[in-house]
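Report on one structure; see the data block that follows.
2 protein chains.
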Amino acid sequence: MGIKKTLLEDIAKELNVSKTLVSMVINGKGDAYGISKKTQEKVLSKAGEMEYTPNVFARALRTGKSHLIALLVADISNPFYSNIAKYIEKELASKGYNLMICSTDENVEREEKLISLFAEQHMIDGLIIATTNTSGEYFKKERLRNFPIVFIDRYLTDIESNYVVANNYQGSLEITELLVKKGCKNILALNITPSHISSLTERVKGYKDALKKYDILFNDENLLEISFDNIQNDLREQLTNRLKNGQKIDAIYTLNNHIATACLNVFNEIGFDAKKEGVYFASFDDISLFDFVKPNIISVSQPVEKIGIEAANLALHLIDNKGIDSSTFKKIVLPTSIISRD
Amino acid sequence: MGIKKTLLEDIAKELNVSKTLVSMVINGKGDAYGISKKTQEKVLSKAGEMEYTPNVFARALRTGKSHLIALLVADISNPFYSNIAKYIEKELASKGYNLMICSTDENVEREEKLISLFAEQHMIDGLIIATTNTSGEYFKKERLRNFPIVFIDRYLTDIESNYVVANNYQGSLEITELLVKKGCKNILALNITPSHISSLTERVKGYKDALKKYDILFNDENLLEISFDNIQNDLREQLTNRLKNGQKIDAIYTLNNHIATACLNVFNEIGFDAKKEGVYFASFDDISLFDFVKPNIISVSQPVEKIGIEAANLALHLIDNKGIDSSTFKKIVLPTSIISRD
DNA sequence: TACTTTAACTAAATAAGTTTAGAATTCATT
DNA sequence: AATGAATTCTAAACTTATTTAGTTAAAGTA
């Protein structure tokens, strides 16, 4: 049946002291409560000897703190998110916090259910989220007021919030600019729909503004919206259609890594050789394997490590200053970098 | 300050019943305890109206069940693990369980600390782990006896355990065989060291047995052990050295995706063109992007979805049958498939 | 000596549920 | 009418910590 866990009371009995005292010492408050050095030592050594580990649930129940933070992302198998997750976890671990990672599958209902489960009932102390929600309505709930939430990757434009994001606008502007400088006049941008999320709208804006900057008229047929739910098929259809009709393309720019890989797949399927056709391939979001992929990929790389670390620390800051400070929102926008593979 | 949470007691007061009754109804035990249908309805509707959600800590404290399962892997940003994680999470969510994912960084101490934190103090109900440990000694601890643990990807040979793994031996044998059939006689295998983990030793065995099967003498200089901590540099050094000296190579076979990507990087660095040199490139572990990578990669693909689902269900099974059944261990070995890109 | 202060410690309340043992009411039976 | 059984519900104990309010004993002071 396994061995019985050591409780505070067991240590207390062994030493003929109260469990109050043991609790105080274990939590490092011995000095603050005036427990003698000798007693503190006795308690600590006995606790070690008996392999005491506190019951996290009893502690969380009493204190209201679980030392647990949740990370909600669309899909943990997306390397962008799994990399961020790695750094968040590392940063939190160093501060004594643990991370729960959950995928929402870009499903608003599931996202809200998870938030309700975790945050509203205070199972977690804080939440880091790449929201898939269209609006901030849900986050205005009374129950979520004052709950430490850090948005990453995407933020909601209709509510004030704490967030850590890459400079999507700037990155997109720069990569488009680079393509233009390489002589491109007809850059086909491939976006995901529904594309209400801030990161995508800003990338679109960056793309358009770069064109404007160089007096290139934005052409409606050069921005395709690919359905997220049926990405492969929809992309194949729209792309082949676009390649046949309309003005000749000199670059394809995918607005995230998800479309980028789908696009590579479609290239294979329809036998499109970007190099042969003289078409540049560019993508927002870099994946390390892009270094070895057949059509050279020019990409915007996001500072995933920085995003992770900043998000973790912002969450911890909000937890520590709950209530206080709640009127000022931290908005952290980090620079991206262009990786031009020639 | 946020709004006060609804408690069982609040519902009880509103309806003039005991919180015992409310608890029973909420937990679906109304019929079992003979609570009248009418009362049950009243309770449920009031609970909905007041947006009641149980306090997970109070519940976990009393019942000893947290409905939390932890997944420990070396590195959540490794696509192999993040994919498995995704399917485990999905499967668990459908059964009312939540997942905590943690990276151990292939660090035994960190792994043991996490197990101690989570499992020994029963923060979690079960553990799914791709262990980085050399031996099963730690898992023999009295405290872990009878704790539901499912090993994935790797298992320990010196203890009996429940595990879900791919058939590493068979997969490695098959891919080596394929290379031999393509005419390769000098296949350079690249392994990670320390390589005590079962998956790697079995892949090595599969590699050697395939050679034996075709009467090819295994050559010691054709199995390089690359240091995990310094993978890029060590690989560069050993590979360039091996390419210069010794018998000419006709294939390179990396024993996991980590070495595979490192190897691709080194190819770039040292300007090695596998295709030009007439060297096949093969790898255990498939990554979807391999489809577009420059030297064609022949790979062994593991059934990640299946591994995730089986592991999740095995963990749940162990949790449900704790104590019972503990003498028989489930060992699930799943078939791999070869992806030969020609 | 009597009173205050300080040091060192403890009993009991508390967090929010679940479970056990039993009570109150109704109904049926002799 | 009394007894037994079934139905429906509840008080109190319990889970394991933390925290509050307070006690005891020793030391210091007037």
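Protein chains in written order, with the numbering used here: chain A, 1 to 342; chain B, 1001 to 1342. For every residue, glycine included, the Cβ atom is placed at its ideal position computed from N, Cα and C. Being a predicted model, the structure only gives us computed values, none of them experimental.
Go ahead and pull the three-state DSSP assignment for residue i.
| i | result |
| --- | --- |
| residue 1213/B | helix |
| residue 1100/B | strand |
| residue 1331/B | strand |
| residue 171/A | helix |
| residue 1271/B | coil |
| residue 1002/B | Any answer about residue 1002/B is weak, because its pLDDT of 46 lies below 50 and its placement is not dependable; what the coordinates show is given next. Reduced to three states, the DSSP call for residue 1002/B is coil. |
| residue 139/A | helix |
| residue 256/A | coil |
| residue 193/A | strand |
| residue 279/A | coil |
| residue 262/A | helix |
| residue 1088/B | helix |
| residue 156/A | coil |
| residue 1034/B | coil |
| residue 1118/B | helix |
| residue 1183/B | coil |
| residue 1130/B | coil |
| residue 147/A | coil |
| residue 1218/B | coil |
| residue 1342/B | coil |
Determine the burial state of residue i: buried for a count of at least 16 other Cβ atoms within 10 Å of its Cβ, exposed for fewer.
| i | result |
| --- | --- |
| residue 1162/B | buried |
| residue 1049/B | exposed |
| residue 173/A | buried |
| residue 118/A | buried |
| residue 254/A | buried |
| residue 1304/B | buried |
| residue 1086/B | buried |
| residue 257/A | buried |
| residue 270/A | exposed |
| residue 328/A | exposed |
| residue 1229/B | exposed |
| residue 217/A | exposed |
For the beta strand (DSSP E) that residue i lies in, which residues bound it at each end?
| i | result |
| --- | --- |
| residue 1077/B | No beta strand (DSSP E) contains residue 1077/B, which DSSP labels as neither H nor E. |
| residue 225/A | 223-227 |
| residue 1166/B | 1162-1166 |
| residue 1299/B | 1297-1301 |
On the premise that residue j lies in contact with residue i, defined as a C-beta separation below 8 Å, what is that separation, rounded to the nearest angstrom?
| i | j | result |
| --- | --- | --- |
| residue 1121/B | residue 73/A | Not a contact, Cβ separation roughly 28 Å. |
| residue 201/A | residue 227/A | Their Cβ separation, rounded to whole angstroms, is 17 Å, which puts residue 201/A and residue 227/A out of contact at 8 Å. |
| residue 259/A | residue 279/A | Residue 259/A to residue 279/A, Cβ: 15 Å. No contact. |
| residue 1156/B | residue 1132/B | With 8 Å as the limit, residue 1156/B and residue 1132/B do not qualify as a contact, their Cβ atoms being about 11 Å apart. |
| residue 318/A | residue 293/A | Actually they do not touch by this definition, with Cβ atoms about 39 Å apart. |
| residue 129/A | residue 149/A | 7 Å |
| residue 79/A | residue 1077/B | 7 Å |
| residue 1124/B | residue 1312/B | 13 Å between Cβ atoms; not a contact. |
| residue 1191/B | residue 1137/B | Contact doesn't hold; Cβ gap of about 24 Å is too wide. |
Could you give the first and the last residue of the continuous alpha helix (DSSP H) run that contains residue i?
| i | result |
| --- | --- |
| residue 1337/B | It is not in any alpha helix (DSSP H) - residue 1337/B instead sits in the beta strand (DSSP E) that spans 1337-1339. |
| residue 360/A | Past the edges of chain A, shown from 1 to 342, lies residue 360/A, and the structure says nothing about it. |
| residue 1045/B | 1037-1049 |
| residue 1308/B | 1304-1320 |
| residue 108/A | 108-115 |
| residue 26/A | 19-26 |
| residue 231/A | 231-244 |
| residue 1008/B | 1008-1015 |
Expressed to the nearest angstrom, what Euclidean distance is found between the alpha-carbon atoms of residue i and residue j?
| i | j | result |
| --- | --- | --- |
| residue 127/A | residue 98/A | 12 Å |
| residue 1033/B | residue 1024/B | 7 Å |
| residue 1014/B | residue 1020/B | 14 Å |
| residue 1/A | residue 1146/B | Because the pLDDT of residue 1/A is 37, which lies under 50, any placement of that residue in the model is unreliable, and the number read from its coordinates should be weighed accordingly. Going from the Cα of residue 1/A to the Cα of residue 1146/B covers about 7 Å. |
| residue 302/A | residue 236/A | 27 Å |
| residue 1090/B | residue 112/A | 16 Å |
| residue 962/B | residue 1028/B | The requested residue 962/B does not occur in the structure, where chain B is confined to residues 1001 to 1342. |
| residue 1335/B | residue 1220/B | 29 Å |
| residue 314/A | residue 70/A | 13 Å |
| residue 1182/B | residue 1266/B | 25 Å |
| residue 1243/B | residue 104/A | 47 Å |
| residue 289/A | residue 1268/B | 12 Å |
| residue 176/A | residue 286/A | 15 Å |
| residue 1018/B | residue 1037/B | 16 Å |
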